[in-house]
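Taking it in order: structure first as C-alpha cells, then the write-up.
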Amino acid sequence: MSDMHDDTEHGTPSHASELSEMEVRVRALETILTEKRYVDPAALDRIIESYESKIGPHIGAAIVAKAWVDAAFKRALLEDASKAIAGAGHTRRVGDHLIAVENTPECHNVVVCTLCSCYPWDVLGLPPVWYKSAAYRARAVKEPRQVLAEFGVTLASSTRIRVWDSTAETRFLVVPMRPAGTQNWSAERLAGLVTRDSMIGTGLAKSPALAAGEAG
Amino acid sequence: MDGVHDLGGFDGFGPVTPEAQEPVFHAPWEGRVLALSRVLGASGVFNIDQSRFGIERLPPYVYLSSSYYRKWHLRLENLLLEAGFIDADELAAGRALRPGPKLPRGSVSASDVERLLSRGSYARPQRAPARFAIGERVRARNIHPKSHTRLPRYVRGRVGTIERVHGAHVFPDASALGRQDAEWLYTVCFTARELWGDEAEADLCVSVEAFEPYLERI
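Quick note, the sequences are listed as chains V and C, same order. Here the first sequence stands for residues 3 to 218, numbered as in this note's numbering. Here the second sequence stands for residues 10 to 227, numbered as in this note's numbering.
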C-alpha cells in the first residue's frame with residue numbers, strides 16, 4: 003500500500019511507493035537473472051508481445067469457422083486436430099496433442115484443468131482468470147450445469163454434458179454449434195461469432211443478431 | 010502429492026466470476042513472470058512437471074491466497090534457489106552477487122522465441138503394447154504418492170471406461186523427478202454418479218487423461 007508519509011520519511015521518490023510488492027520482487031529477480039546472463043530482456047519482451055498481440059482466441063475462431071464451412075476439414079479436425087490444422091496452412095504452428103470435440107444438440111463439451119490450469123494456449127492464448135480460479139476448477143467436474151448457468155448458458159435438459167479434465171499434455175478445443183441464420187456466411191464472417199468461452203464450453207457461439215447488436 | 014492444488018469436487022469457493030474485457034495481463038510484472046518462466050524452462054532449469062510440482066509444493070495457505078502469477082513467481086524463486094542458480098542474499102539485495110552455474114541448455118535469445126512458443130511433442134516411443142483397449146472398464150488406482158502425480162483424487166478408486174488411446178507420452182510422475190520414462194496415455198470416462206454418488210446428474214460424464222500406471226484391471 004502506498005503511504006505518502008512513509009515516502010517522505012525514507013526519502014523514496016513517490017513513484018517507487020506505487021510499485022506493488024510483486025512489481026518489486028519480479029524486478030529484483032529479473033535484474034539478478036539478467037546480470038547473470040541467464041535471461042535476455044529482449045527475449046522476454048518478445049514473448050510478452052506475442053501473447054498480448056499475436057496468440058489469442060482469434061486463432062481458434064478461424065479454425066472453428068473453417069470447420070463449420072468445410073465438412074472434410076471438420077472430419078479431419080475431429081480425427082486429429084494438430085494434424086488437420088498443420089495441413090490447413092494456418093499461420094502459426096499449433097502444438098501436438100490438440101483434440102477438437104464437437105458440441106451437438108445431444109452433447110455439450112466443457113474443458114477444465116482441476117490440477118493446474120492447462121489450456122490450449124496455441125489456439126486460445128493465455129487463459130482468463132476465471133479458468134484458473136479455484137471455483138471453476140473445483141466445480142466444473144461436479145456441477146457443470148450450474149457453472150454454465152452462471153455463465154448465462156442454459157442447456158436443454160436433454161443435452162448431456164461431457165467434461166474433459168486436462169490432466170496430461172493433451173489439450174482440448176471445443177467446436178461450438180454453428181448458430182442458426184448463418185447459411186452462406188463466409189468462414190471469415192463466421193469467425194466473428196466464435197467466442198473464446200464457446201471454445202472452452204462455457205459459452206455458445208454468438209447469434210447473428212447478438213453480433214449485429216454489438217457492432218451497432 | 011495430496012495437495013490443495015487438486016481441486017476437483019471441492020465445495021465452498023463460491024460462484025465463478027468472469028471479468029468483462031479482461032486484459033491479457035493485469036499488471037506488467039505478470040507478463041515478466043510468464044516470460045521468465047518460459048525462457049528458464051527452455052534453458053533447462055526445469056521441465057514442465059518440475060515446474061508444476063514447484064507450484065504444488067507452495068504451502069496450502071499461500072496457494073489458495075495467491076494470484077496465478079504470484080504463484081508462478083514464488084515457484085520461480087524456489088526452483089532457482091533449489092538448483093543453486095541464485096542465492097537468498099541476491100534476492101534480498103536485488104542484484105547478482107556472484108556468477109552462477111551454467112544453464113543446462115544456454116540462455117534464450119530474442120530470435121529463439123518463435124521456436125520456443127511452439128509447443129513441443131510429449132509423445133515417446135512405446136516400449137510395450139498398451140495394456141488396455143478402447144471400451145475396457147478400468148479402475149483408477151488408489152495411489153497417494155508424496156511427489157508429483159497427475160491422477161486427481163476425485164477419480165482414485167473409481168471405475169471408468171477407456172475412451173481413447175493416445176500412444177506413449179512422457180510420464181509426469183517420473184519427469185518431475187528428472188526421468189524421461191514414457192507410459193501409455195488414455196482418456197478414461199467416469200459417470201458423475203460413479204464419482205459423486207446417486208444425487209449426481211444422470212447423463213453427466215467426466216474424463217481424465219490417465220497414464221497406464223494409474224489404472225488397473227477390474
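Virtual Cβ for every residue (Gly too), placed ideally from N, Cα, C. All figures in this text were calculated on a predicted structure; none of them were measured in a lab.
Report the rounded CA-to-CA distance for residue i versus residue j, giving the unit in angstroms.
i: V103 (chain V); j: R162 (chain C); result: 25 Å
i: F62 (chain C); j: A217 (chain V); result: 45 Å
i: V2 (chain V); j: V165 (chain V); result: Outside the displayed range of chain V (3 to 218) lies residue 2 (chain V), so it cannot be described from this structure.
i: D72 (chain V); j: P108 (chain C); result: 57 Å
i: L45 (chain C); j: A213 (chain V); result: 38 Å
i: W38 (chain C); j: R29 (chain V); result: 8 Å
i: K80 (chain C); j: A149 (chain C); result: 29 Å
i: L213 (chain C); j: K76 (chain V); result: 25 Å
i: V48 (chain C); j: V117 (chain C); result: 6 Å
i: R165 (chain C); j: I163 (chain V); result: 21 Å
i: A119 (chain C); j: K68 (chain V); result: 33 Å
i: R41 (chain C); j: A182 (chain V); result: 43 Å
i: S160 (chain V); j: S75 (chain C); result: 39 Å
i: A209 (chain C); j: L106 (chain C); result: 58 Å
i: A29 (chain C); j: A193 (chain V); result: 20 Å
i: Y121 (chain V); j: V13 (chain C); result: 20 Å
i: H178 (chain C); j: A142 (chain C); result: 17 Å
i: A101 (chain C); j: F19 (chain C); result: 37 Å
i: P113 (chain C); j: I65 (chain V); result: 37 Å
i: G169 (chain C); j: F180 (chain C); result: 20 Å
i: S200 (chain V); j: Y72 (chain C); result: 29 Å
i: I95 (chain C); j: Y40 (chain V); result: 10 Å
i: E171 (chain V); j: D82 (chain V); result: 15 Å
i: R235 (chain C); j: D207 (chain C); result: The displayed coordinates of chain C run from 10 to 227. Any statement about residue 235 (chain C) would go beyond what the structure contains.
According to the neighbour-count rule (16 or more other Cβ atoms, all chains shown, within 10 Å of its Cβ), is residue i buried or exposed?
i: D11 (chain C); result: exposed
i: H153 (chain C); result: exposed
i: S55 (chain V); result: exposed
i: K155 (chain C); result: exposed
i: R173 (chain V); result: buried
i: T196 (chain C); result: buried
i: R66 (chain C); result: buried
i: E145 (chain V); result: buried
i: L16 (chain C); result: buried
i: P59 (chain V); result: buried
i: P130 (chain V); result: buried
i: T169 (chain V); result: buried
i: Y70 (chain C); result: exposed
Quick one: grab the DSSP three-state call for residue i.
i: R164 (chain V); result: strand
i: T33 (chain V); result: helix
i: A207 (chain V); result: coil
i: A183 (chain C); result: helix
i: A29 (chain C); result: coil
i: E216 (chain V); result: helix
i: R198 (chain V); result: helix
i: G18 (chain C); result: coil
i: A177 (chain C); result: strand
i: L219 (chain V); result: This structure does not reach residue 219 (chain V), given that chain V is present from 3 up to 218, and the question cannot be answered.
i: R148 (chain C); result: strand
i: I57 (chain V); result: coil
i: A182 (chain V); result: coil
i: E145 (chain V); result: coil
Which residue marks the beginning of the beta strand (DSSP E) containing residue i, and which one marks its end?
i: R84 (chain C); result: First-last for R84 (chain C): Y77 to E91, but that is the alpha helix (DSSP H), not the beta strand (DSSP E).
i: Y195 (chain C); result: A191 to T200
i: F174 (chain V); result: R173 to V177
i: V113 (chain V); result: C109 to V114
i: F220 (chain C); result: C214 to F220
i: E225 (chain C); result: L224 to R226
i: A211 (chain C); result: Here A211 (chain C) belongs to no beta strand (DSSP E), and DSSP marks it neither H nor E.
At a CB-CB cut-off below 7 Å, which residues of chain V make contact with residue i?
i: F94 (chain C); result: Y40
i: W38 (chain C); result: M24, E25 and V28
i: E192 (chain C); result: Near E192 (chain C) there are no residues of chain V at all, since even the closest Cβ is about 10 Å away, more than 7 Å.
i: D212 (chain C); result: R162
i: E86 (chain C); result: L31
Applying a beta-carbon distance threshold of less than 8 Å, which residues of chain C neighbour residue i?
i: T169 (chain V); result: R159, L160, P161, V217, E218 and A219
i: D72 (chain V); result: Going along chain C, no residue has its Cβ under 8 Å from D72 (chain V), so there is no contact; the nearest lies around 24 Å.
i: P130 (chain V); result: P27, E28 and E31
i: I50 (chain V); result: F34, G40, R41, L43 and A44
Mind pulling the chain D residues with CB within less than 9 Å of residue i?
i: G206 (chain C); result: As a matter of chain content, chain D is missing from the structure shown, whose protein chains are V and C.
Residues of chain C with CB under 7 Å from residue i, in chain order?
i: K1 (chain V); result: Any question about residue 1 (chain V) goes unanswered here, given that chain V covers just 3 to 218.
For residue i, which residues in chain V fall below 8 Å Cβ to Cβ?
i: S156 (chain C); result: Here the premise fails: no neighbours, minimum Cβ distance about 14 Å.
i: Y70 (chain C); result: Per Cβ cutoff of 8 Å: no residues; Y70 (chain C) is ~13 Å from chain V at best.
i: P113 (chain C); result: Within 8 Å Cβ-Cβ: nothing; P113 (chain C) doesn't reach chain V, min ~11 Å.
Kindly indicate the opening and closing residues of the alpha helix (DSSP H) around residue i.
i: V164 (chain C); result: It is not in any alpha helix (DSSP H) - V164 (chain C) carries neither H nor E in the DSSP assignment.
i: P69 (chain C); result: P69 to S74
i: Q59 (chain C); result: I57 to E65
i: R95 (chain V); result: Premise fails: R95 (chain V) is in no alpha helix (DSSP H) and is neither H nor E.
i: A88 (chain V); result: A83 to G89
How would you list, in chain order, the residues of chain C whose beta-carbon sits under 9 Å from the beta-carbon of residue i?
i: G194 (chain V); result: Those within 9 Å of G194 (chain V) in chain C number zero; the least Cβ separation is about 17 Å.
Going by the C-beta, is residue i closer than 6 Å to any heavy atom of the ligand HEM?
i: R139 (chain V); result: Although the ligand HEM was asked about, the structure shown includes no ligands whatsoever.
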